[in-house]
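Novice:
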Amino acid sequence: MLPAKTSKFTFLFGPIAKMFLAVILGCLMAWTIISVSERWSPEAREK
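Spelled out as structure tokens, the structure:
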């Protein structure tokens with residue numbers, strides 16, 4: 001069984017950690033999509 005402190009820590013910071021991870025994953029996905037779209041755009045090839 002988990003100690004009381006660990007369960008309380010998970011209960012308090014679990015949602016915050018999930019939101020933080022969701023934001024990081026969203027930024028990574030957006031950056032990947034932008035970089036790929038720039039790489040395949042004709043404007044980038046001209047440069």
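Quick note on numbering: full-length UniProt numbering labels position 44 of the sequence shown as 44, and the sequence is numbered without any gaps.
Note that CB positions come from ideal geometry on N, CA and C, so glycine has one too.
1) From I16 to T32, what distance separates their C-alpha atoms?
2) Taking the alpha-carbon positions, what's the A30 to S41 distance?
3) Specify the secondary structure class of S41 as computed by DSSP and reduced to three states.
Specialist: Reading off the structure:
1) 24 angstroms
2) 16 angstroms
3) coil
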